[in-house]
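Enquirer: I'd like to ask you about the structure that follows.
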Amino acid sequence: MSRRLIAGLVAAGASGIAVFLLWPLFTVLEIVDSQSDRIPFCTRVRPGEEVVLSFVHSVNLRPVYDTLRVEADHLVIAKSRFDTFGAGMPEASTQDGTLSVAEDGWLEWTLNRPTPEITVRVGRVADHTVNYKGRDIHLSELAEPGSALTLRARKSGWLDLMKNRCIP
């Protein structure tokens with residue numbers, strides 16, 4: 808075999824491996840430190856799956872549960888559940904969303920609003936928590952109170968999954 812042929816095969820093999828490692832095959836949900844771009848949490852998700860961002864409302868000190876649907880490259884704020892009205896909480900149906908009373912008596916604000924990402928300031932009292940497949944991720948364990956963390960969905964390849972230590 809000529810050296811040129813061997814070099815070509817090695818280059819083709821290296822290119823194939825690079826494409827395999829870098830090609831965005833998977834959707835991941837990341838929680839990113841907005842200041843440093845550090846990714847303290849990453850997990851593989853499937854488009855259409857839902858995660859719940861819960862927190863304690865800062866004024867009425869009651870729980871709020873925001874359901875987020877993951878799409879391939881963005882999130883959709885599907886609905887918000889809360890048991891009492893408070894500052895900043897919807898009080899009636901509008902063109903932005905529909906307010907209804909669920910069977911359990913909780914209020915549900917359904918909006919289905921796409922968004923590229925959601926940034927949350929980690930609260931001392933709010934106890935911001937992301938629940939995915941029964942696992943609770945307390946944002947206060949990922950960053951100091953007052954820090955901004957961003958939830959986002961994006962396409963990722965094998966190399967990113969390994970580098971960011973995504974949970975399968």
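Residue numbering for the sequence shown follows the numbering used here, beginning at 808 and increasing consecutively.
All residues carry an ideal CB built from backbone N, CA and C; glycine is no exception.
#1: I believe L882 touches A933 by the beta-carbon criterion, under 8 Å. Please report the beta-carbon distance rounded to the nearest angstrom.
#2: Among L958, R810 and G893, whose alpha-carbon lies nearest the alpha-carbon of V929?
#3: So, F862 versus H935, is the Cβ gap smaller than 8 Å?
#4: How long is the line joining the alpha carbons of L906 and L832, rounded to whole angstroms?
#5: I need the DSSP call for L832, collapsed to helix, strand or coil.
#6: Cα-Cα, which of E910, T926, A899 and D911 is closest to L860?
#7: Just the Cα atoms here: how many angstroms apart are S865 and P847?
#8: Roughly how many angstroms separate the alpha carbons of V877 and Y939, rounded to a whole number?
#9: Does the beta-carbon of D943 have 16 or more other beta-carbons within 10 angstroms, so that it is buried, or is it exposed?
#10: Quick one: is D873 buried, meaning 16 or more other Cβ sit within 10 Å of its Cβ, or exposed?
Expert: Here's the rundown:
#1: Their Cβ separation, rounded to whole angstroms, is 19 Å, which puts L882 and A933 out of contact at 8 Å.
#2: L958
#3: yes
#4: 37 Å
#5: coil
#6: T926
#7: 25 Å
#8: 11 Å
#9: exposed
#10: buried
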